[in-house]
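Mind the numbering: the sequence shown is residues 576 to 945 in our numbering, read in order. Built from N, CA and C at the ideal position, the CB exists for glycine as well.
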Amino acid sequence: MTSNTTAHVAVWEQLKGLRGEELTAWRMNPVENRATVKERNLDTLPLPFGWFMVAYSDELAVNEVKPLYYFGKDLVLWRGEDGQARVVDAYCKHLGAHMGYGGRVKGNSLECPFHAWEYNGEGAVVAVPYAKKVPPSAARPCEAQWRVVESNKQILVWYHPFNEAPKWEPESFDQVHDPEWTEYKKYEWIVYGPVQNMAENGVDAAHFKYIHGTDSFPDYDFEFDGHIRKANVEAKMPTPKGVVDGTIAYGTVGAGQSWTKFSGISETLMIAGITPIDQERTHIRFAFTQPKSEAEGPMANLATAMRREICKQLDQDKVVWDRQKYMPKPSICDGDGPILPFRKFFAQFYAEWGDDTKKITKLKIDKKAS
Ligand code: FES
Ligand SMILES: [Fe+2]
Numbered sequence: 576m577t578s579n580t581t582a583h584v585a586v587w588e589q590l591k592g593l594r595g596e597e598l599t600a601w602r603m604n605p606v607e608n609r610a611t612v613k614e615r616n617l618d619t620l621p622l623p624f625g626w627f628m629v630a631y632s633d634e635l636a637v638n639e640v641k642p643l644y645y646f647g648k649d650l651v652l653w654r655g656e657d658g659q660a661r662v663v664d665a666y667c668k669h670l671g672a673h674m675g676y677g678g679r680v681k682g683n684s685l686e687c688p689f690h691a692w693e694y695n696g697e698g699a700v701v702a703v704p705y706a707k708k709v710p711p712s713a714a715r716p717c718e719a720q721w722r723v724v725e726s727n728k729q730i731l732v733w734y735h736p737f738n739e740a741p742k743w744e745p746e747s748f749d750q751v752h753d754p755e756w757t758e759y760k761k762y763e764w765i766v767y768g769p770v771q772n773m774a775e776n777g778v779d780a781a782h783f784k785y786i787h788g789t790d791s792f793p794d795y796d797f798e799f800d801g802h803i804r805k806a807n808v809e810a811k812m813p814t815p816k817g818v819v820d821g822t823i824a825y826g827t828v829g830a831g832q833s834w835t836k837f838s839g840i841s842e843t844l845m846i847a848g849i850t851p852i853d854q855e856r857t858h859i860r861f862a863f864t865q866p867k868s869e870a871e872g873p874m875a876n877l878a879t880a881m882r883r884e885i886c887k888q889l890d891q892d893k894v895v896w897d898r899q900k901y902m903p904k905p906s907i908c909d910g911d912g913p914i915l916p917f918r919k920f921f922a923q924f925y926a927e928w929g930d931d932t933k934k935i936t937k938l939k940i941d942k943k944a945s
């Protein structure tokens, strides 16, 4: 598609020539020669709590078992005969088999591959087929409970480092189930950086020009409200027919769920799942749905171009995010966008920090520089 960008953007050089399968692989492959977690200060940020996507609903059939690795933990996911998805810690309380490999569904329970102990969704052993009595320590539910919901055709789990119960519900969107809207088009990335750096991108007003090459800084309208953040952005969007004034509305729900609605050119709803793998890596999934009348009609090229453009922007950010150092006390200038309010907002998801406001960055704007 033609672009409204004329400036040379150095990052684009690194992406030049990446197409098709090569691009898909680049999005998921390990990043070589990167600095350590400690050198990049990534060990100073806890994992945020909240609802996080671990799979799409259609990736888990009834009676299917899958290993997961998120939040620095080995987990196992299965769907019982009742259709419900469940998650427990992967290692069996008996002799430690990883139940994501060879475990199977029995009724609504998960059967360990090693000696067939059976688990319910709370991680309690409900049966040992060759014993008269289940040992009381195994019969107790696990301290770490992995609550699971399915929303927007995604399987989400609640992560909290101190196992506190969910503090909000995930947001759901009617379009996802509307027959007039397309099935999801899915894209994914593994970024070598924490969720916070990625979330900060939305308020980083200046980067749009320098890394995404937009010819102006977007006009923002921000709102921070409890665990929800919303913004409306009036932006000039590149289309095959030239630059068009468009509106981008986006929101984040906790740290793990985010959505973006584009209107003005080709209506598009993108629902993102942003899930910490460990202290260093984050799994990002973008799922797009668009009105069939636009995505499958004469405007199909435009609808495809919208998705490509959005994914291209993530590719461009990834080049930086993969090696970015977390700066607890960055130098900030007046044109930078609401980075301080954002960091205060985001700190609410760090249970380990509690009310320790010293951990929340004090940013200084040098008035003389403005
Ligand atoms: S290790 Fe799981 S049943 Fe023995
Ligand atoms: Fe960006």
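For residue i and residue j, what's the separation of their Cα atoms in angstroms?
i      : j      : result
PHE783 : LYS811 : 11 Å
ILE885 : GLU614 : 31 Å
ALA691 : HIS669 : 10 Å
GLY768 : HIS752 : 32 Å
ARG860 : ARG602 : 11 Å
THR757 : ALA875 : 12 Å
MET902 : ALA665 : 35 Å
GLN771 : VAL709 : 43 Å
SER906 : PHE797 : 22 Å
By Cβ distance below 6 Å, which residues in the same chain neighbour residue i in space, the five residues on each side in sequence not counted?
i      : result
GLY696 : ARG661
SER945 : For SER945, the predicted model reports a pLDDT of 34, less than 50, meaning its position is unreliable and no value from the coordinates is stated.
ASP794 : GLU809
ALA713 : LYS668 and VAL700
Between which two residues does the alpha helix (DSSP H) harbouring residue i extend?
i      : result
ARG715 : Taken as a continuous stretch (DSSP letters only), ARG715 belongs to no alpha helix (DSSP H), as it is neither H nor E.
GLU597 : 595-603
MET773 : 770-775
ALA880 : 875-896
LEU590 : 585-590
ALA870 : 867-870
HIS782 : 782-785
So, residue i versus residue j, is the Cβ gap smaller than 7 Å?
i      : j      : result
ALA880 : GLN865 : no
PRO688 : GLY677 : yes
VAL640 : ILE786 : no
LEU685 : TRP721 : no
THR822 : GLY839 : yes
GLU621 : TYR925 : Note on residue identity: the sequence assigns Pro, not Glu, to residue 621. Yes, the pair counts as a contact, with Cβ atoms nearer than the cut-off.
PHE920 : PHE799 : yes
ALA830 : ASN807 : no
VAL651 : MET628 : no
GLU693 : LYS681 : yes
VAL828 : GLU746 : yes
ILE846 : TRP834 : yes
ILE730 : ALA630 : yes
If you drop the 5 nearest sequence neighbours on each side, which residues of the same chain put their C-beta closer than 8 Å to that of residue i?
i      : result
GLU755 : PRO866, LYS867 and SER868
GLN923 : HIS802
ASN683 : GLY655, GLU656, ASP657, GLN659, ARG661, ASN695 and GLY696
Among the options, whose alpha-carbon lies nearest the alpha-carbon of residue i?
i      : options                           : result
CYS667 : VAL701, GLY682 and GLU639         : VAL701
ARG898 : GLU798, ASP657, GLU607 and LYS836 : GLU607
LYS761 : ASP633, TYR705, ASN683 and ALA806 : ASP633
HIS735 : ALA719, PRO642, VAL819 and GLU725 : ALA719
GLU763 : LEU598, GLU656, TRP896 and ASN638 : LEU598
PRO623 : PRO741, PHE837, ILE846 and THR835 : PRO741
ASN727 : VAL894, GLN891 and ALA862         : ALA862
GLN854 : ASP618, GLU588, VAL584 and ALA610 : ASP618
GLU588 : ALA630, ASP930, GLY929 and ASP890 : ASP890
PHE792 : ASP892, GLY912 and VAL723         : GLY912
What are the boundary residues of the beta strand (DSSP E) that residue i is part of?
i      : result
ALA926 : Element bounds for ALA926: n/a, residue is neither H nor E.
GLU725 : 723-726
SER833 : 832-838
TRP653 : 648-654
LYS681 : 679-681
LYS904 : Note, LYS904: premise wrong, no beta strand (DSSP E); not H, not E.
ILE859 : 857-864
LYS951 : Residue 951 is absent from the model: the chain starts at 576 and stops at 945.
Tell me which residues share the same chain as residue i and place their Cβ nearer than 7 Å to its Cβ, disregarding the 5 neighbours each side in the sequence.
i      : result
GLU775 : ILE914 and PHE917
PHE837 : GLY821, ILE823, THR843 and MET881
Chain C beta carbons: is any one of them nearer than 7 Å to that of residue i?
i      : result
GLU884 : Considering every chain present, this structure includes no chain C. It has just one protein chain.
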